[in-house]
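Remarks on the structure that follows.
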Amino acid sequence: MVETQRIVEWLTRLVQIPSVGPVNAGVRSGACSEARLAEQVAAWFTAFGAQVETEEVYAGRPNVYGVWRGAGERWLAVDTHLDTVGVETMEGNPFDGRVADGRVYGRGAVDTKPTLAILLALLETLHEQGRPLPFNLVVCATADEETGAHGAAVFRDWVRRKGFRFDQLVVGEPTLCGPICGHKGTVGLVLEISGVAAHSSRPELGQNAITAAVPIIGAMMAEQARLQAVPPTSDLSTGTLSVTMIRGGQAHNIIPDRCTINIDRRLTAGEDPTVEGERIVALAKAQCALPISVQWLHRLNPFFQKPDSPFVQQISAWSGRAPTVAPYASDAWAYGGIADEVVLFGPGSIEQAHRDVEWVEIHELEKAAQIYLRWWGLSGF
Ligand SMILES: [Zn+2]
63 MVETQRIVEW
73 LTRLVQIPSV
83 GPVNAGVRSG
93 ACSEARLAEQ
103 VAAWFTAFGA
113 QVETEEVYAG
123 RPNVYGVWRG
133 AGERWLAVDT
143 HLDTVGVETM
153 EGNPFDGRVA
163 DGRVYGRGAV
173 DTKPTLAILL
183 ALLETLHEQG
193 RPLPFNLVVC
203 ATADEETGAH
213 GAAVFRDWVR
223 RKGFRFDQLV
233 VGEPTLCGPI
243 CGHKGTVGLV
253 LEISGVAAHS
263 SRPELGQNAI
273 TAAVPIIGAM
283 MAEQARLQAV
293 PPTSDLSTGT
303 LSVTMIRGGQ
313 AHNIIPDRCT
323 INIDRRLTAG
333 EDPTVEGERI
343 VALAKAQCAL
353 PISVQWLHRL
363 NPFFQKPDSP
373 FVQQISAWSG
383 RAPTVAPYAS
393 DAWAYGGIAD
403 EVVLFGPGSI
413 EQAHRDVEWV
423 EIHELEKAAQ
433 IYLRWWGLSG
443 F
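Per our numbering: the sequence shown = residues 63 to 443.
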């Protein structure tokens, strides 16, 4: 049996190593620090018997892969992101990892360092006891989840290059130990309309980029209405399209030569980010007489695992919680092609994530560790 105290100590240790991503870094957090934690994780994985590789997602921001070759043909995998959101508005010391009131506090205490803490406690204990795993295990500690979730794509490509294929893959996120089997995907686009500036007393000499954008917005509203009329095929509900920003113009008396429109498209099961993004671009171009250039901000697939799939049902039975879908996205967006079954699962509640006071309950850590032991066929351990 792995001791709860050991998991708590690992979690405190992990919270005490800041790993704020670049977008969220600030005065209190210091510079982007995923790499510091990655370096430690690589050393711990090596010490606990893994073959370890690191791979840069972006310069200075690596993923860490640990491979434990065990007995048998089963291949299991866990994704747990290294990065956290920022700490600039947090109360107290965000990195103290203090234990009080049956909880562990600090940035990352629930999102999502507990999964890594449980894995480290289990793998350390097994290594000390000289017990090989009764399956093969890959643990990926990813960078960038909170920023663009590109670490997941880099891991997926590494898995393919290695020729691995997983029977089951857990994405560690705070789910109160229940299985989350789906979330929407997303496409982010910026459309830039190019006009010609002129004195607004002579508008006929210019080409107005703002008025040229008006029919595009109308087309986007029509597309959103069309999406809402499509009957949903899964618990993920329908796709949505929102125009979220519009910018243009430079002065009261100048015909605007530039207008940008941000479009946030959320994808339901079965929708492809590139296909849907290209549909938006085609709709816009059909409505606009002026040239449009396109910036793709991100393309994340929807994630959907059938709620009646065996692994989802198993986690559900072990946790006593029914499968649900999440309103937020995760690294699972990238993993459809590398695992037979993918589930989001981990201790603590998403309600405590990204807040000015972040914590996880220690009994949630215990519960999640027990589920890991059952998943790994080590429940008598
Ligand atoms: Zn997370």
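C-beta atoms are modelled at their ideal positions from N, C-alpha and C, and glycine is treated no differently.
Rounded to the nearest angstrom, how far is the Cβ of residue i from that of residue j, given a contact under 8 Å?
i	j	result
D145	E207	6 Å
L303	G244	Not quite, the Cβ-Cβ distance comes to about 19 Å (not below 8 Å), so this is no contact.
V140	L181	6 Å
V232	G148	The Cβ separation is near 26 Å, so there is no contact.
E153	V419	5 Å
A331	T295	6 Å
R136	D229	6 Å
Can you name the start and end residues of the beta strand (DSSP E) that residue i belongs to?
i	result
A401	A401 to L406
I444	A question about residue 444 goes unanswered here, because the residues of the chain that appear run from 63 up to 443.
S355	I354 to L362
A139	W137 to H143
A388	T386 to A388
A203	N198 to T204
F157	Taken as a continuous stretch (DSSP letters only), F157 belongs to no beta strand (DSSP E), as it is neither H nor E.
S25	Because the chain spans 63 through 443 in this model, residue 25 falls outside it and cannot be assessed.
L329	R320 to L329
D124	The sequence shown places Pro at residue 124, rather than the Asp named in the question. Here the beta strand (DSSP E) through P124 covers R123 to W130.
V258	Counting along the chain, V258 falls outside any beta strand (DSSP E), and DSSP gives it neither H nor E.
D163	Looking at the DSSP string, D163 is not in any beta strand (DSSP E), and its letter there is neither H nor E.
L231	F228 to V233
Could you pull out every residue in the same chain whose Cβ sits closer than 6 Å to the Cβ of residue i, ignoring the five residues on either side in sequence?
i	result
E426	P409 and G410
P277	Q349
V85	T209
A93	A87
L267	A260
P265	I317
L185	F110
Between which two residues does the alpha helix (DSSP H) holding residue i run?
i	result
D219	H212 to K224
T108	E96 to A109
H189	K175 to E190
Q113	Premise fails: Q113 lies in the beta strand (DSSP E), Q113 to Y120, not in any alpha helix (DSSP H).
M283	A271 to Q290
P372	P372 to S381
W72	T66 to V77
Q349	P335 to Q349
Y434	I424 to W437
Just to confirm my understanding: we take residue i, look at its own chain, exclude 5 residues before and 5 after, and list those with CB closer than 8 Å. What are they?
i	result
L251	N324, I325, R327, G339, I342, V343, V356, Q357, W358 and L359
D158	V77, Q78, Y167 and G168
K368	C243 and V374
G134	P196, F197 and N198
G398	N363, F365 and V404
Q286	T302, L303 and S304
Grab me the residues of residue i's own chain with a C-beta within less than 7 Å of its C-beta, minus the 5 sequence neighbours each way, in chain order.
i	result
A215	A396
E423	G164, R165 and G410
T174	T142, H143, G234, E235, P236 and G408
P335	G247, V249, L329, R361, L362 and N363
A351	A274
I272	G310, G311, P318 and C321
A346	L253, I278, A281 and I354
I69	A179, I180, A183, L427 and A431
H189	F110 and G111
P124	A97, A100, T116, E117, E118 and A205
V221	I400
A415	V172, D173 and P236
Q269	G257, V258 and L352
G122	A97
Look at residue i and residue j and say whether their C-beta atoms are less than 8 Å apart.
i	j	result
I242	L406	yes
G280	P318	no
E150	R90	yes
A205	E101	no
I316	A259	yes
A211	A391	yes
I433	W380	yes
E403	S371	yes
F217	C202	yes
P156	L73	no
V119	G213	yes
Is any heavy atom of ligand 2 found at a distance shorter than 7 Å from the C-beta of residue i?
i	result
E207	Among the ligands modelled here, namely ligand 1, ligand 2 does not occur.
Would residue i pass as an interface residue toward chain C - the criterion being a Cβ-Cβ separation below 8 Å?
i	result
W421	The question asks about chain C, but that chain is absent: this structure has only one protein chain.
Evaluate the contact criterion for the stretch 122-130 versus the stretch 190-203: three or more CB pairs, one atom per stretch, below 8 Å.
yes
Validate contact between the stretch 111-125 and the stretch 236-245 using beta carbons, cut 8 Å, 3 pairs:
no
Three or more beta-carbon pairs under 8 Å between the stretch 162-176 and the stretch 103-112, yes or no?
no
Are at least three pairs of beta-carbons, each pair with one atom in the stretch 375-391 and one in the stretch 270-290, less than 8 Å apart?
Touching, no, given that fewer than three Cβ pairs across the two stretches are closer than 8 Å.
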